[in-house]
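Here the structure comes first, spelled out in structure tokens, and everything after it is commentary.
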Amino acid sequence: MGRESQRLQAVTTAVAICLLCVSPGLASVVRAREGASAELECSLAPTSKEGTSPNLFPLHVVEWVRLGYNVPVLIKFGVYAPRVHPNYKGRVSLTRGASLLVEQLTLEDEGWFECRILLLDSKKDDFQNGTWTFLSITAPPAFIKTPPTFVEVLLGDSLTLSCGAHGNPRPTVVWHKDERPIEKHEKIKVLNGSLSLASVTRNFSGVYKCHVSNSEGKLTHYTQLQVQGPPIIIISPEDTTLNMSQDAVLQCQADAYPSNLTYEWLKQGQNVYHIESLKTRVKVLVDGTLLIPNLIPEDAGNYTCIPTNGILAPPMASAHLKVKHPARVGRMPRETLLPAGMEGVIICPTQADPPVLYVNWTKDGNELNLDNYPGWMVNSEGSVFIATANDNAVGMYTCTPYNSYGTMGQSEPTKVILKDPPSFRVPPLPEYLQEVGRELVIPCEAAGDPAPNVTWSKVSEMTYFGSWIYNQHCIHISQLIIGQAGLSRETRMGVFTSTNIQKLFACDWAACWNWISVQCFTSK
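Be aware that the sequence shown starts at 1, since it is given in full-length UniProt numbering, and climbs by one per residue.
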């Protein structure tokens, strides 16, 4: 039945019901269930009051019409076979005279029907006024659309689960999640049986139930929803302090869907399997745990766990591993150069946790007695500080650091060599004065063994004094004084290894002058 016919039927149904309310007896209602049969009654009056014997060929026409149909549902003339509407072919027949029997009822059969009888032997040529009967079809719910039984959605995306059913009375649709009714809010909406989820989070995962029901029955459809997303770390690694030679166990456990988890561990930003001191000892277990057996001091540092399943950006969690061990010496230089006549330091590159308490030194195989060397001392870092280096400093030195755990032994020897400090071969002048628009070359050359590095630096910020006079083409600054050992902003210098050319403050017409003061530092 078309949509327009349904609208017409609805209107006429309402009108007919009102007629029933006003004039009972003019119409009747027959109720039946979908798939069953219904009989719409209609009595056939005798054709003649005087007849003493029945007619072998009844002279009447029985016609059943339906509101909204242009062609009768059934029409029968005398003993001839009835003519039936195509929609009712094989499903309607006359019974008990003129009553209409409708079988295999469908929801589309619901509507108004009228029985009309035309008596051919009557003087009147009109159909007898028939009786209107409303055929009401009840049906339990039947799904017309359901969502898949299993649905996956990416974290942050939106999703609509469509569920619909027909039946009479019209079924109601109710959604549940994990056996609890779904409450509407800004991210969840239910409209015409469809459940819309916006910007899904992990909490949206679960079993969704579409429940449809009416007075004739109920149905339920289940959908399992899984939200795909990056892992969530549920057990993070913790800062750990252990002694050398112990085993370190750093836990890291994550949960994710999909659950194809892999774990990556970094130390100081580098994969642990790419670190020489770790790659042959370290193990990453299936549950994400990092195992480092037989700890050594180099194992100390920050470790980061990164679980991933290939979905979006993975999370990460970090912890610091502290390895306590006796004090030891790192890489001792084979040679230590000291500048003759200047301050010098003989370094002992210690490594210790807990910190170093003290450092013992030897010189040429004997214990170093600082009392024999005025101006010498062991500083807080355990290095030997020499106020003025001379021939007494030349020799072979070793150091042995100690902490509360003891020591891991003496260092390799370092040979102290005395060298002359670098000297200026071509120093820069104290001051430079240059005309606007010209180039300025400031030389600085040094000599020494080994060859010194030459660097330039700005010693102090520029300071201005005096009055400023502005005209159309020039800025004239009288009594300009630059702060001692400073560079003007127009001639700021970085680090150079050779001479450098700079341009000074610019004017269009008048000659503007600028004074600069520089210092050139040299070092080996």
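A virtual CB, placed ideally from N, CA and C, is assigned to each residue, including glycine. Just so you know, these numbers come straight off a predicted model, no measurement behind them.
query, result
"Give, in chain order, every unbroken run of the beta strand (DSSP E) that is at least 3 residues long and sits entirely within the stretch 114-188.", "132-145, 150-154, 159-161, 164-168, 172-177"
"Pull up the distance between the alpha-carbon of residue 98 and that of residue 38, whole angstroms please.", "14 Å"
"What did DSSP end up calling residue 401 once you bin it into helix, strand or coil?", "strand"
"I'd like the list of long-range same chain contacts for residue 303, defined as Cβ closer than 8 Å, with 5 residues on each side in sequence excluded.", "237, 250, 265, 266, 267, 272, 290, 318, 319, 320, 321"
"Got a sec? Which residues, its chain only, sit under 8 Å from residue 172 by beta carbon, not counting five neighbours each side?", "212, 213, 214"
"For residue 431, tell me which candidate among 443, 69, 287, 81 has the shortest Cα-Cα distance.", "443"
"Taking contact to mean at least 3 C-beta pairs separated by less than 8 Å, is the stretch 327-334 in contact with the stretch 276-291?", "no"
"Just the C-alpha distance for residue 466 and residue 439, rounded to the nearest angstrom, thanks.", "Legend: pLDDT at residue 466 = 44, less than 50; position of this residue unreliable, no value from coordinates given."
"Around the C-beta of residue 422, are 16 or more other C-beta atoms found within 10 angstroms, so that it is buried, or is it exposed?", "buried"
"For the UniProt domain \"Ig-like\" (231-324), list the beta strand (DSSP E) runs that are entirely contained and at least 3 residues long, ordered along the chain.", "240-243, 248-250, 253-257, 262-267, 290-292, 301-308"
"Going by alpha carbons, who is nearest to residue 187 out of 201, 177, 179?", "201"
"Under DSSP, the beta strand (DSSP E) around residue 389 begins and ends at which residues?", "First-last for residue 389: undefined, no H or E at that position."
"Whose C-beta lies closer than 8 Å to the C-beta of residue 165 among residues of the same chain, with five residues either side of it excluded?", "141, 142, 143, 144, 171, 173, 193, 212, 219"
"So is residue 190 in contact with chain D if we call contact Cβ pairs under 7 Å?", "Of the protein chains in this structure there is only one, and it is not chain D."
"If you count every other CB in all the chains shown that lies within 10 Å of the CB of residue 2, and 16 or more means buried, which is it?", "Note on residue 2: pLDDT 42, under 50, position unreliable in the model; no value is reported."
"By the three-class DSSP mapping on this structure, what secondary structure does residue 364 have?", "coil"
"Mark residue 366 as exposed unless 16 or more other C-beta atoms lie within 10 angstroms of its C-beta, in which case mark it buried.", "exposed"
"Count the other CB atoms within 10 Å of the CB of residue 425; is the residue buried (16 or more) or exposed (fewer)?", "exposed"
"Exposed or buried, what is residue 451 when buried is set at 16 or more other beta-carbons lying within 10 Å of its beta-carbon?", "exposed"
"I need the DSSP call for residue 214, collapsed to helix, strand or coil.", "strand"
"For residue 412 and residue 332, I'd like the C-alpha separation in whole angstroms.", "6 Å"
"Are the beta-carbon atoms of residue 388 and residue 409 separated by less than 7 Å?", "no"
"In chain order, what residues of the same chain have a beta carbon less than 6 Å from the beta carbon of residue 526, not counting five sequence neighbours either side?", "The chain is shown from 1 up to 524; residue 526 falls before or after that span and cannot be answered."
"Should residue 353 be labelled buried (16 or more other beta-carbon atoms within 10 Å of its own) or exposed?", "buried"
"By how many angstroms is the C-alpha of residue 349 removed from the C-alpha of residue 401?", "9 Å"
"Helix, strand or coil for residue 202? Go by DSSP, reduced to three states.", "helix"
"By Cβ distance below 8 Å, which residues in the same chain neighbour residue 343 in space, the five residues on each side in sequence not counted?", "385, 386, 387, 388, 389"
"Just grab the DSSP bridge partners of residue 339 for me.", "419"
"From residue 454 to residue 260, what distance separates their C-alpha atoms?", "58 Å"
"From 116, 316, 120, pick the residue whose C-alpha is nearest to that of residue 130; which is it?", "116"
"Between 314, 159, 77, which has its C-alpha nearest residue 60's C-alpha?", "77"
"Mind checking whether the beta-carbon of residue 87 lies closer than 6 Å to any heavy atom of the ligand NAP?", "Although the ligand NAP was asked about, the structure shown includes no ligands whatsoever."
"Kindly indicate the opening and closing residues of the beta strand (DSSP E) around residue 371.", "Note, residue 371: premise wrong, no beta strand (DSSP E); not H, not E."
"Are there 16 or more other CB atoms within 10 angstroms of the CB of residue 71, so buried, or fewer, so exposed?", "exposed"
"Please report the distance separating the alpha-carbon of residue 282 from that of residue 316.", "19 Å"
"For a test of the three-state rule: what should DSSP assign to residue 40, helix, strand or coil?", "strand"
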